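To convert, count from 1 in the sequence shown and add 1200; that's my numbering.
Each remark here refers to the structure printed beneath this line.
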Amino acid sequence: MKTTADQHTLLPGDLLETIASGAVERELHRILPFEEVRLLDECGFGALRVPTEHGGPGLSVEQLIGEVIALARADSNIAHLYRGHFGFVESLRFQPPEIQKAWYPRVLKGKTVGNASTERGGNALGTLNTTLTAGEDGWVLNGEKFYSTGTIFSDYTRVSASQEDGDKGRRFAVVPRDAAGVTVADDWDGFGQKLTGTGTTVFEDVVVSPLSLLNRSYGSHEAVHEAAFFQLYLLAVQVGIAHAAVRDAANLLRRRTRTFNTSATGAAFKQDPLIQQVVGRMSAKAFVAQAAVVEVARIHDQALRSGLAAGTQRASHRGELPADVYSAEIAVQQAQVTVPDLVLAVTQELFQTVGASATLRSKALDRHWRNAQTIATHNPIVFRARSIGDYEVNGTLPEGLNAIGESGASR
């Protein structure tokens, strides 16, 4: 019986096979997946969450997460780089009709939006050095972002910025990647997820059109929803990595004929019960990780429906929205504490299945561990565990990740 990740998805099977077949070569030679992204855009991958009332497929969060897992099994870099785009599509649900009418048709035509939110440093926690300034001809964007995942592959990028018009707070500016004043660099030097297009993007006097400005209110349903969605998306990519490790272990064992004199049976590895047991543990952990993430996605769908039905968008304090809205954040934080450990265990156990030959650079099996570890660092797990503990003991609602910056605490 095949794993859940092998079952049918909306993404064409031959496209997933093509993406998977080139993953090692891209990894070894650092080939950015522009062609693979083009094929995904053409088949409508980026439009899967566009609501039916706007002409889209209207997939649920749970259904989308299934597609992300399948794509991450083929290549986790490619699945990851769409994270900012799907976060943008989620945000459109909360925008005024005129913005929805401007952007949903572009998404349906295959246009994608990258991410440019986090700054490398120098900004105080809760503030941004990137600014939107009101000028005679409209708004002008200036600043520099790091971790601009997916932007280099996208038609647009969504930039978080502070307003310089006396109205404190943050807004998002969605600007063309090739607009005058936008410079995108592929300078990500992390040891994992090397091909996500993560790097520096600089904005110099970039003009922003009125329909490309998105408001964001702290404590709103949109803010709670998207913070949880972004973390759920990363967990789905990790599950795909776990399935890829199981797949590669099984494929290697089917072809291996050598064994060791220390083996209890002398049988080929694929017939050795101890080796089979290792692969069985890997498969079981991948299954449990996926079950957890799919359940979080179901909770996310329910939370979204409850919040939209209540018609409550803004809240000045946590707890003012319908209780179901916060269940998505609680569930995703619980999964963040558990799923990464399961996935990392799977990627480590991969090396117990075939011996020293598994470390050959040409096989690039180490990419699974490096990629899983890189994703696991995006939101410190210890903070999530503490938050869930505070919730269980004191009833304090967890808060999603929404700001990164310099600590103001005394040293």
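We put the CB at the ideal spot given by N, CA and C, even for glycine.
As the structure is a computational prediction, the values presented were derived from the model and not from experiment.
Beta-carbon contacts of residue i that lie in its chain and below 8 Å, excluding the five residues immediately before and after
{"i": "Leu1453", "result": "Phe1469, Lys1470, Ile1475, Val1479, Thr1553, Val1554"}
{"i": "Asp1377", "result": "Just to set this straight, residue 1377 is Arg in the shown sequence, not Asp. Gly1314, Thr1351, Ile1352, Ser1354, Asp1355, Tyr1356, Thr1357, Val1384, listed in sequence order."}
{"i": "Asn1342", "result": "Thr1330, Thr1331, Thr1333, Phe1403, Glu1404, Asp1405, Val1406"}
Cross-strand partners of residue i (DSSP beta bridge)
{"i": "Lys1345", "result": "Thr1401"}
{"i": "Glu1606", "result": "Ala1324"}
{"i": "Gln1363", "result": "Leu1332"}
{"i": "Pro1522", "result": "Per DSSP, none; premise fails for Pro1522."}
{"i": "Thr1357", "result": "Gly1314, Val1375"}
{"i": "Thr1574", "result": "Thr1574 pairs with nothing; no bridge assigned."}
{"i": "Val1437", "result": "DSSP lists no partner for Val1437."}
{"i": "Gly1338", "result": "Gly1335"}
{"i": "Arg1370", "result": "Ser1362"}
{"i": "Thr1383", "result": "Val1402"}
{"i": "Leu1414", "result": "Phe1372"}
{"i": "Val1408", "result": "Trp1339"}
Separation of residue j from residue i, as counted between CA atoms
{"i": "Ala1467", "j": "Ala1270", "result": "33 Å"}
{"i": "Asp1501", "j": "Gln1431", "result": "15 Å"}
{"i": "Gly1456", "j": "Phe1487", "result": "This sequence places Arg at residue 1456; Gly is not what is there. The straight-line gap from Cα to Cα measures roughly 25 Å."}
{"i": "Ala1442", "j": "Gln1573", "result": "12 Å"}
{"i": "Gly1366", "j": "Arg1567", "result": "Note that Gly1366 has pLDDT 48, beneath the 50 cutoff, so the model's placement of it is unreliable and the number below is only indicative. Computed Cα separation, rounded: 47 Å."}
{"i": "Leu1215", "j": "Leu1239", "result": "8 Å"}
{"i": "Ala1450", "j": "Ala1558", "result": "12 Å"}
{"i": "Asn1329", "j": "Ala1603", "result": "12 Å"}
{"i": "Gly1397", "j": "Thr1462", "result": "45 Å"}
{"i": "Thr1218", "j": "Leu1560", "result": "23 Å"}
{"i": "Pro1251", "j": "Leu1259", "result": "8 Å"}
{"i": "Thr1459", "j": "Ser1483", "result": "22 Å"}
{"i": "Leu1211", "j": "Lys1311", "result": "17 Å"}
{"i": "Val1417", "j": "Phe1294", "result": "Correcting the residue identity first, residue 1417 is Ser in this sequence and not Val. C-alpha separation (whole angstroms): 11 Å."}
{"i": "Tyr1282", "j": "Pro1296", "result": "24 Å"}
{"i": "Glu1235", "j": "Ala1531", "result": "36 Å"}
{"i": "Gly1321", "j": "Ala1361", "result": "14 Å"}
{"i": "Val1307", "j": "Val1424", "result": "23 Å"}
{"i": "Glu1529", "j": "Ile1588", "result": "10 Å"}
{"i": "Leu1544", "j": "Glu1344", "result": "33 Å"}
{"i": "Leu1292", "j": "Val1375", "result": "15 Å"}
{"i": "Ala1380", "j": "Trp1339", "result": "14 Å"}
{"i": "Tyr1433", "j": "Ile1499", "result": "14 Å"}
{"i": "Ala1288", "j": "Gly1608", "result": "For clarity, residue 1288 is Phe in the given sequence; the question names Ala instead. So the alpha carbons of these two residues sit roughly 30 Å apart."}
{"i": "Leu1542", "j": "Gln1548", "result": "10 Å"}
Of the listed residues the options, nearest to residue i (C-alpha basis)
{"i": "Arg1389", "options": "Tyr1347, Asn1451, Ala1302", "result": "Contrary to the premise, residue 1389 reads as Asp rather than Arg in this sequence. Ranking the options by Cα distance to Asp1389, first place goes to Tyr1347."}
{"i": "Leu1414", "options": "Ala1564, Pro1580, Phe1372, Phe1583", "result": "Phe1372"}
{"i": "Tyr1526", "options": "Gly1246, Arg1447, Glu1599", "result": "Glu1599"}
{"i": "Ala1302", "options": "Glu1404, Glu1235, Ile1575, His1254", "result": "His1254"}
{"i": "Tyr1409", "options": "Gly1595, Phe1403, Val1424, Asp1337", "result": "The sequence given here places Ser at residue 1409; Tyr does not occur at that position. Among Gly1595, Phe1403, Val1424, Asp1337, the Cα nearest to that of Ser1409 is on Asp1337."}
{"i": "Arg1273", "options": "Val1446, Ser1607, Ala1510, Val1494", "result": "Val1446"}
{"i": "Leu1521", "options": "Ala1509, Gly1381, Glu1242", "result": "Ala1509"}
{"i": "Gly1399", "options": "Ala1428, Thr1349, Glu1364", "result": "Thr1349"}
{"i": "Arg1226", "options": "Val1374, Lys1394, Val1437", "result": "Lys1394"}
{"i": "Ala1427", "options": "Ala1503, Ala1556, Ala1564", "result": "Ala1503"}
{"i": "Gln1438", "options": "Arg1481, Gly1392, Gln1477, Ser1412", "result": "Gly1392"}
{"i": "Asp1387", "options": "Ser1420, Leu1232, Gln1490, Gln1477", "result": "Leu1232"}
{"i": "Gly1335", "options": "Gln1363, Val1374, Ser1317, Ala1324", "result": "Gln1363"}
{"i": "Asn1579", "options": "Thr1547, Leu1550, Gln1534", "result": "Gln1534"}
{"i": "Val1546", "options": "Arg1481, Leu1411, Ser1412", "result": "Arg1481"}
Contact set for residue i: own chain, Cβ-Cβ below 6 Å, skip 5 residues either direction
{"i": "Ala1497", "result": "Val1261, Glu1262, Ile1265"}
{"i": "Gly1244", "result": "none"}
{"i": "Ala1223", "result": "Asp1275"}
{"i": "Pro1257", "result": "Leu1248"}
{"i": "Val1237", "result": "Phe1353"}
{"i": "Ala1576", "result": "Pro1540"}
{"i": "Asn1571", "result": "Ser1276, Gly1392, Gln1393, Ile1441"}
{"i": "Ala1492", "result": "Ala1535, Val1539"}
Exposed unless 16 or more other CB atoms sit within 10 angstroms - verdict on residue i
{"i": "Glu1290", "result": "buried"}
{"i": "Pro1401", "result": "Here residue 1401 is Thr; the residue named in the question, Pro, does not match the sequence. With 16 or more other Cβ atoms within 10 Å, it is buried."}
{"i": "His1229", "result": "exposed"}
{"i": "Glu1422", "result": "buried"}
{"i": "Lys1309", "result": "exposed"}
{"i": "Arg1584", "result": "buried"}
{"i": "Glu1592", "result": "exposed"}
{"i": "Leu1435", "result": "buried"}
{"i": "Phe1286", "result": "buried"}
{"i": "Glu1242", "result": "exposed"}
{"i": "Gly1213", "result": "exposed"}
{"i": "Ser1562", "result": "exposed"}
{"i": "Gln1490", "result": "buried"}
Neighbourhood of residue i by C-beta distance below 7 Å, restricted to the same chain and skipping five residues each side
{"i": "Ile1581", "result": "Gln1536, Val1537, Pro1540"}
{"i": "Ser1506", "result": "Pro1522, Asp1524, Val1525"}
{"i": "Thr1209", "result": "Gly1266, Glu1267, Ala1270"}
{"i": "Ala1220", "result": "Ala1274, Asp1275"}
{"i": "Asn1323", "result": "Asn1329, Gly1605, Glu1606"}
{"i": "Ser1516", "result": "At Ser1516 the pLDDT is 49, less than 50, meaning the model places this residue with poor confidence; the figure from the coordinates comes in the next sentence. Around Ser1516: Gly1419."}
{"i": "Ala1279", "result": "Val1268, Leu1271, Ala1272, Val1437, Gly1440"}
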